[in-house]
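Taken in sequence, the protein lines are chains A and B. Take the first sequence: its position 418, counting from 1, is numbered 418 in the UniProt record's numbering, and each next residue is one higher. Take the second sequence: its position 262, counting from 1, is numbered 262 in the UniProt record's numbering, and each next residue is one higher. Positions of the beta carbon are idealized from the N, C-alpha and C atoms, including for glycine. So the structure is just underneath, and the comments pick up after that.
2 protein chains.
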Amino acid sequence: MSFEELKERYSKFLSRRDKFRNPISFWDGDLAPPDLIGLEVGLPNENLFPIKAIDLHLVDKPFDDKEAFVASMDRYDNPEGLPIARSFQYSETRGMFPLINFCKKVIGTVNKPAYDEWDVLLSNGSSDSMFKIFETFCDESTTVLMEEFTFSPVISNVQNTGATCVPIKMELTTDPAKQGIDIAYLTHLLENWTTIPQYSHLNKPKMIYTIATGQNPTGMTLSMEKRRQIYALAQKHDLLILEDDPYGYLRFSPYDPVHPLKNLYTDESHSLTVEDYLQKMLVKSFMTLDTDGRVIRLETFSKLFAPGLRLAYIAANKFIIERLLNFTEVTTRAPSGASQAIVYTTIMALGSKETAADEMDAMFLGWIKWVMKLASAYTHRRNVTFKALYETEAYKKNFFTVLEPSAGMFIDIKVNWPTPPTGDKKELMSQLNKIIIKNGVKVVLGHKMAVDQDFSSDSADFLRLTVAYAKDEDQLTEACHRIGKGFVELFNM
Amino acid sequence: MSFEELKERYSKFLSRRDKFRNPISFWDGDLAPPDLIGLEVGLPNENLFPIKAIDLHLVDKPFDDKEAFVASMDRYDNPEGLPIARSFQYSETRGMFPLINFCKKVIGTVNKPAYDEWDVLLSNGSSDSMFKIFETFCDESTTVLMEEFTFSPVISNVQNTGATCVPIKMELTTDPAKQGIDIAYLTHLLENWTTIPQYSHLNKPKMIYTIATGQNPTGMTLSMEKRRQIYALAQKHDLLILEDDPYGYLRFSPYDPVHPLKNLYTDESHSLTVEDYLQKMLVKSFMTLDTDGRVIRLETFSKLFAPGLRLAYIAANKFIIERLLNFTEVTTRAPSGASQAIVYTTIMALGSKETAADEMDAMFLGWIKWVMKLASAYTHRRNVTFKALYETEAYKKNFFTVLEPSAGMFIDIKVNWPTPPTGDKKELMSQLNKIIIKNGVKVVLGHKMAVDQDFSSDSADFLRLTVAYAKDEDQLTEACHRIGKGFVELFNM
Numbered sequence: 001m002s003f004e005e006l007k008e009r010y011s012k013f014l015s016r017r018d019k020f021r022n023p024i025s026f027w028d029g030d031l032a033p034p035d036l037i038g039l040e041v042g043l044p045n046e047n048l049f050p051i052k053a054i055d056l057h058l059v060d061k062p063f064d065d066k067e068a069f070v071a072s073m074d075r076y077d078n079p080e081g082l083p084i085a086r087s088f089q090y091s092e093t094r095g096m097f098p099l100i101n102f103c104k105k106v107i108g109t110v111n112k113p114a115y116d117e118w119d120v121l122l123s124n125g126s127s128d129s130m131f132k133i134f135e136t137f138c139d140e141s142t143t144v145l146m147e148e149f150t151f152s153p154v155i156s157n158v159q160n161t162g163a164t165c166v167p168i169k170m171e172l173t174t175d176p177a178k179q180g181i182d183i184a185y186l187t188h189l190l191e192n193w194t195t196i197p198q199y200s201h202l203n204k205p206k207m208i209y210t211i212a213t214g215q216n217p218t219g220m221t222l223s224m225e226k227r228r229q230i231y232a233l234a235q236k237h238d239l240l241i242l243e244d245d246p247y248g249y250l251r252f253s254p255y256d257p258v259h260p261l262k263n264l265y266t267d268e269s270h271s272l273t274v275e276d277y278l279q280k281m282l283v284k285s286f287m288t289l290d291t292d293g294r295v296i297r298l299e300t301f302s303k304l305f306a307p308g309l310r311l312a313y314i315a316a317n318k319f320i321i322e323r324l325l326n327f328t329e330v331t332t333r334a335p336s337g338a339s340q341a342i343v344y345t346t347i348m349a350l351g352s353k354e355t356a357a358d359e360m361d362a363m364f365l366g367w368i369k370w371v372m373k374l375a376s377a378y379t380h381r382r383n384v385t386f387k388a389l390y391e392t393e394a395y396k397k398n399f400f401t402v403l404e405p406s407a408g409m410f411i412d413i414k415v416n417w418p419t420p421p422t423g424d425k426k427e428l429m430s431q432l433n434k435i436i437i438k439n440g441v442k443v444v445l446g447h448k449m450a451v452d453q454d455f456s457s458d459s460a461d462f463l464r465l466t467v468a469y470a471k472d473e474d475q476l477t478e479a480c481h482r483i484g485k486g487f488v489e490l491f492n493m
Numbered sequence: 001m002s003f004e005e006l007k008e009r010y011s012k013f014l015s016r017r018d019k020f021r022n023p024i025s026f027w028d029g030d031l032a033p034p035d036l037i038g039l040e041v042g043l044p045n046e047n048l049f050p051i052k053a054i055d056l057h058l059v060d061k062p063f064d065d066k067e068a069f070v071a072s073m074d075r076y077d078n079p080e081g082l083p084i085a086r087s088f089q090y091s092e093t094r095g096m097f098p099l100i101n102f103c104k105k106v107i108g109t110v111n112k113p114a115y116d117e118w119d120v121l122l123s124n125g126s127s128d129s130m131f132k133i134f135e136t137f138c139d140e141s142t143t144v145l146m147e148e149f150t151f152s153p154v155i156s157n158v159q160n161t162g163a164t165c166v167p168i169k170m171e172l173t174t175d176p177a178k179q180g181i182d183i184a185y186l187t188h189l190l191e192n193w194t195t196i197p198q199y200s201h202l203n204k205p206k207m208i209y210t211i212a213t214g215q216n217p218t219g220m221t222l223s224m225e226k227r228r229q230i231y232a233l234a235q236k237h238d239l240l241i242l243e244d245d246p247y248g249y250l251r252f253s254p255y256d257p258v259h260p261l262k263n264l265y266t267d268e269s270h271s272l273t274v275e276d277y278l279q280k281m282l283v284k285s286f287m288t289l290d291t292d293g294r295v296i297r298l299e300t301f302s303k304l305f306a307p308g309l310r311l312a313y314i315a316a317n318k319f320i321i322e323r324l325l326n327f328t329e330v331t332t333r334a335p336s337g338a339s340q341a342i343v344y345t346t347i348m349a350l351g352s353k354e355t356a357a358d359e360m361d362a363m364f365l366g367w368i369k370w371v372m373k374l375a376s377a378y379t380h381r382r383n384v385t386f387k388a389l390y391e392t393e394a395y396k397k398n399f400f401t402v403l404e405p406s407a408g409m410f411i412d413i414k415v416n417w418p419t420p421p422t423g424d425k426k427e428l429m430s431q432l433n434k435i436i437i438k439n440g441v442k443v444v445l446g447h448k449m450a451v452d453q454d455f456s457s458d459s460a461d462f463l464r465l466t467v468a469y470a471k472d473e474d475q476l477t478e479a480c481h482r483i484g485k486g487f488v489e490l491f492n493m
């Protein structure tokens with residue numbers, strides 16, 4: 001596919017507002033002599049910045065407070081990297097090239113798209129990515145499909161354009177082959193759109209938003225087979241797939257109830273290699289199936305580095321990236337150069353410890369090893385949490401089921417009602433929540449993350465908890481015990 | 001004015017799209033016991049970040065390569081400041097409170113609004129500020145007035161909403177009382193809007209965008225008297241005033257042709273105090289006249305710290321800030337915490353060297369002293385540039401006039417045509433530009449920064465050059481001499 005073919009195929013997806021975007025440039029492309037003095041651009045000289053160098057004190061692994069090494073940025077040093085004269089200056093709207101190239105390396109190695117004309121664009125975090133994508137594709141007349149439970153702020157991102165969100169039924173099950181988007185439901189929805197009473201007044205959807213791995217809030221991961229089926233439906237009904245993947249790298253090693261603290265990442269008898277992690281542990285992106293260029297993938301440094309950086313990236317076909325870049329020119333322009341430099345300098349430092357064919361390979365290797373250490377830390381916290389939940393009286397009495405996730409930050413606890421509730425489930429869930437808060441734990445109720453609370457009223461009887469934020473193992477364990485007590489209190493009332 | 005009164009007064013200014021913005025939150029406000037364990041928020045623990053501390057190596061003044069001191073951020077230290085556990089975490093969308101408070105201190109001390117119910121909001125640079133403001137106030141039916149020459153990317157920010165930009169005639173003169181927006185023209189425009197043929201199909205303007213001090217590209221600064229007149233017109237015709245002020249602090253000391261390198265900032269016999277600088281050198285913002293809450297002021301750290309931070313702030317009445325914050329929730333959310341922490345930590349370090357009533361006063365003092373050092377560096381570069389321009393043969397032959405600016409990064413050179421050109425001025429300017437490029441200098445042509453090139457065809461015969469970016473004095477001097485030669489070549493052809 002050439003850029004022109006992509007343009008022809010995907011222009012019809014653009015929002016009405018996309019055409020208003022005509023960034024103005026006042027730079028000429030005139031040829032100039034080599035000793036040209038540039039007095040045209042409104043850039044401050046880098047010697048007007050109060051900072052001349054920055055040292056980053058890095059740790060070797062999560063929860064290790066020892067300083068492992070120092071990565072430094074000077075004003076001009078290391079022109080291959082992002083020295084301060086560059087990163088603290090105005091810079092390329094799409095992101096600085098060294099970091100862009102690294103992001104391309106990650107996509108191209110871990111989730112190589114099934115076509116060639118793809119590109120990446122940095123953004124100010126995935127919230128910013130989504131805002132820009134929905135603004136570029138959605139109008140008041142647009143319908144966007146999304147999992148019935150989702151990261152609810154996305155709903156407001158869609159609604160900000162005037163568009164409508166429609167939920168897709170999910171299978172909330174521990175069976176890895178079945179969990180996530182209900183394919184039969186989705187097929188029926190798309191095949192019969194115009195005759196379904198509650199949706200017939202809406203345009204046929206043009207986009208599916210999905211958190212395909214370690215879904216928020218459910219922790220569900222779509223199997224490759226389900227991904228293939230969804231991609232085929234997207235082809236048949238000409239949908240874009242917006243794949244949000246903040247948690248995909250945080251893949252847990254399998255849980256072993258007999259040895260609850262077993263962790264493949266740290267198991268010395270196994271020694272999980274980078275290759276094993278990439279090929280066997282991770283689930284492949286929709287991009288790897290994407291022969292048409294219809295997948296937009298969202299990656300972020302928020303969970304793998306730090307959220308406060310507000311740094312993320314978008315991978316998509318070149319035409320889509322061009323439209324998003326065009327929008328970025330009239331909105332935020334480049335993301336923080338300080339954030340970009342901190343990430344890039346850290347990854348260069350991680351790479352400097354690796355042996356590889358070239359510097360980029362070394363950086364990739366160093367970065368993935370860091371990410372594996374994170375996945376290991378999350379696996380350990382998952383282990384601690386499961387162990388603590390499974391040792392409660394409430395679990396032994398079958399008051400709840402843990403929807404065991406295979407990746408991510410979230411664990412959902414599904415209520416097993418002793419007798420099917422006759423009253424309002426939402427009311428009972430709210431009561432359970434009050435008891436749990438009284439016992440000293442704060443969680444999120446399923447229905448709070450439903451696209452449509454009525455649509456999901458039957459399946460919203462779960463609690464979402466995160467293993468990511470707690471201070472330590474003891475706090476996680478104590479919280480699980482308190483949750484267990486809450487269930488006992490509710491069901492003994 | 002209460003928030004409700006502001007809401008009543010300013011709701012009618014909101015764009016149609018403002019009402020689509022309903023950020024979704026899933027946090028309850030439930031009361032909880034003091035030992036509550038929070039498993040609800042999807043935040044990674046700060047020990048999952050690879051960085052535990054950052055050192056900033058700071059200089060004492062611009063163009064000084066010596067390290068003056070080191071300012072450090074640790075993971076938890078200094079909870080009054082912005083430790084990494086906080087700044088690298090998800091944080092308040094409006095900006096972290098310590099930095100917000102500092103920004104309020106700056107506005108409240110330097111340009112105290114003439115009413116009480118104002119507030120500030122951080123953004124990802126002034127381009128982002130403007131995008132959010134125009135999206136909140138402009139629709140396809142909106143008309144925005146702006147100086148006929150302006151920072152041209154703003155035009156695309158306005159047009160992105162579908163709105164229309166209309167130019168205001170400027171007086172391009174070295175007379176400080178007269179320069180900038182032509183008040184008679186503006187008055188006539190507003191009084192006769194519906195009967196002016198070229199504008200009668202447009203709605204009456206609801207906003208003026210102005211770079212009131214050290215205007216880009218003209219370098220003009222509006223006198224206080226002109227500001228009062230414009231504010232009175234805004235009151236009469238119910239306009240918002242969007243005051244963009246990236247350069248206002250970069251105020252030059254007066255130029256002395258007899259002692260061209262004289263610089264009040266460094267003149268030991270004068271010793272300019274912070275008080276002198278704030279009260280006598282700076283021109284007061286429209287906010288100081290604003291009894292109604294109709295002024296929106298844009299400040300930025302781009303020119304005073306570094307552009308790559310992408311960090312700026314907006315000051316306006318509380319209702320407007322609330323609407324902008326609401327939009328920010330569905331777009332970028334918080335600006336880079338790394339950028340916020342770098343700025344705040346630096347300012348804390350600057351403040352630690354000052355003696356003052358409290359820490360905030362000390363920080364303000366330390367910051368303003370840094371800003372004065374910048375203004376001094378810009379004054380020196382202005383001096384070097386004027387001196388070099390005035391010693392050219394072209395100047396001595398009266399081929400050009402320097403539109404002497406009193407602040408900012410830009411100097412405009414107005415062409416003095418020996419005989420009024422009969423042909424197309426734009427064509428002649430393009431010819432001059434080609435000659436100057438051939439001689440080895442790149443500048444910007446006036447018409448490239450015109451809102452409407454036809455409207456400004458008579459007055460666009462100037463070149464804009466910046467003193468900010470050149471490597472050193474020698475390069476600035478050489479560039480000015482080359483420009484002079486260009487004029488001689490053009491007029492001797």
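- Chain B places a beta carbon closer than 9 angstroms to that of residue 339/A, counting this residue as a contact.
- Here the alpha carbons of residue 11/A and residue 319/A stand approximately 9 angstroms from one another.
- Classified as exposed, residue 420/A has fewer than 16 neighbouring CB atoms from the shown chains inside 10 Å of its CB.
- DSSP places residue 119/A in the strand class (E or B) of the three-state scheme.
- For residue 67/A, the nearest beta carbon of chain B is closer than 9 angstroms to its own beta carbon.
- The alpha-carbon separation between residue 226/A and residue 350/B amounts to approximately 57 angstroms.
- Residues of the region 310 to 343 of chain B whose Cβ lies closer than 7 angstroms to any Cβ of chain A, in chain order: 310, 330, 331, 332, 333, 334, 335, 336, 337, 338, 339, 342.
- Residue burial annotation: residue 97/A is exposed, with fewer than 16 other C-beta atoms found within 10 angstroms of its C-beta.
- Chain order gives the chain B residues near residue 303/A as 42, 44, 48, where near means a beta carbon separation below 9 angstroms.
- Residue range 393 to 396 is occupied by the alpha helix (DSSP H) that includes residue 395/A.
- Residue 462/B sits away from residue 389/B, with the two beta carbons spaced by 9 angstroms or more.
- In the structure shown, residue 230/A adopts helical secondary structure according to DSSP, grouped into three states.
- In the three-state reduction of the DSSP assignment, residue 412/B falls in the strand class.
- Residues of chain A with a Cβ closer than 8 angstroms to the Cβ of residue 354/B do not exist; the shortest Cβ-Cβ separation is about 15 angstroms.
- Residue 283/A: not part of any alpha helix (DSSP H); DSSP gives it neither H nor E.
- Beyond the five residues adjoining it in sequence on each side, residue 263/A comes within less than 8 angstroms, by CB distance, of 253, 376, 379, 380, 383 in the same chain, given in chain order.
- A residue is called buried once 16 or more other Cβ atoms fall within 10 Å of its Cβ, and residue 56/B is buried on that count.
- Chain A places a beta carbon closer than 9 angstroms to that of residue 478/B, counting this residue as a contact.
- DSSP places residue 208/A outside any alpha helix (DSSP H); the residue lies instead in the beta strand (DSSP E), whose first and last residues are 207 to 210.
- Residue nearest to residue 336/A within the set 170/A, 123/A, 398/A is 123/A (criterion: CA-CA distance).
- Nearest neighbour of residue 401/B by Cα position, chosen from 174/B, 85/B, 52/B, turns out to be 174/B.
- Take residue 368/B, set aside five residues on each side of it, and the residues of its chain with a beta-carbon closer than 6 angstroms to its own are 274, in chain order.
- For residue 459/B, there are no C-beta contacts with chain A under 7 angstroms, since the nearest C-beta of that chain is about 17 angstroms from it.
- Listed along the chain, the chain B residues whose CB falls inside 7 angstroms of the CB of residue 446/A amount to none; the nearest CB is some 10 angstroms away.
- Where residue 72/B is concerned, the enclosing beta strand (DSSP E) starts and stops at 67 to 74.
- Taking a cut-off of 8 angstroms on C-beta distances, the region 430 to 448 of chain A does not touch the region 135 to 145 of chain A, as fewer than three cross pairs fall below it.
- Using a CB distance cut-off of 9 angstroms, residue 470/A counts as an interface residue toward chain B.
- When beta bridges are read from the DSSP output, residue 57/A appears opposite 70/A, 53/B.
- Here residue 263/A carries a coil assignment [DSSP, helix/strand/coil].
- Closest option to residue 213/A, judged by alpha-carbon separation, among 443/A, 459/A, 407/A: 407/A.
- Per DSSP, residue 130/A is one residue of the alpha helix (DSSP H) stretching across 126 to 137.
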